[in-house]
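In what follows, a single structure is set out as structure tokens and then discussed.
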Amino acid sequence: MNMDVDMEAPALLLPQSTISYQVPGSENSLVPQDSSSQIASVPDWISSHWDDENSTPERVDIFLAQWPPSRTPGEYCSWISVDRGGTQRPTPDVEGLKDSFQKLVQAGSVTVPEIDRISKAHNALMGKWLIFAEPSEIDAIWARLVRLLCLERRKGSAKVSPRRGEDRHVICVYVSDYTNMAEVKAMRASLRFIGITGRIGFKPDAYTYLDIYSKNCWNIRPCRYFE
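Each residue of the sequence shown is one higher than the last, beginning at 1 in UniProt numbering.
Here it is in structure tokens:
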């Protein structure tokens, strides 16, 4: 698996098809069934939603024990996610972004500054740090990250891929604005704090929406930052 995250679906924080995990002891932790982010269909994500009331060490431990990535089959879900809130969530105009990108393609003007410009114009500013880990390591890394978001930073969101044979897992840790270097670097510093010290990449969601992967004809690196 390469740093492009070729396995990745469009990188919306909340999927169109989801299982909502109820945090133990919380009466209001389920996403409403009439939420615009949900369509009743085959479950695709296991989504957990946290706030100041339900974010306790005991409840986090129960969640981690119930959905360990290394033992959650890929046939059951595409992603396991945690959402602690506390950050802005821009709603991207994906179709508008794609239309603007096609104009850049036709004009031969596909450059990083131009992609940034249309991403800002269409509110497609979210991005994610990418962490790859072997099945033997993923549960411990994911547990440290969930505790970081829910109990220490008390904000943010992330998702992890489930078990797919012997393939490596990938974790996506989100920021709300990939052009805000203070936010991007603050999240990277938090990841170092929990032991993610190796070099990892950061990919804007806009690049995912626009199918910018490795060896693209514009010679644009799919990962914007490496630290």
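Quick reminder that beta carbons are idealized off the backbone N, C-alpha and C, glycines included.
{"query": "Alpha-carbon to alpha-carbon, Glu227 and residue 252", "result": "As displayed, the chain neither begins before 1 nor continues past 227, which places residue 252 out of reach and without an answer."}
{"query": "Reference Asp52, options Cys150, Glu166, Arg224, closest by Cα", "result": "Cys150"}
{"query": "Residue of Arg117, Val146, Tyr207, Glu114 minimising C-alpha distance to Arg59", "result": "Val146"}
{"query": "Check whether Pro222 and Tyr213 have beta carbons under 7 Å apart", "result": "yes"}
{"query": "Assigned exposure category for Phe202 - 16 Cβ within 10 Å defines buried", "result": "buried"}
{"query": "Whole-angstrom distance between Val82 and Ser35, CA atom to CA atom", "result": "Because the pLDDT of Ser35 is 31, which lies under 50, any placement of that residue in the model is unreliable, and the number read from its coordinates should be weighed accordingly. Computed Cα separation, rounded: 17 Å."}
{"query": "Identity of the residue in Ala140, Pro69, Asn123, Gly127 nearest Met181 by Cα", "result": "Gly127"}
{"query": "For Lys98, three-class secondary structure by DSSP", "result": "helix"}
{"query": "The segment 89 to 101 contacting the segment 112 to 128, beta-carbon criterion three pairs below 8 Å", "result": "yes"}
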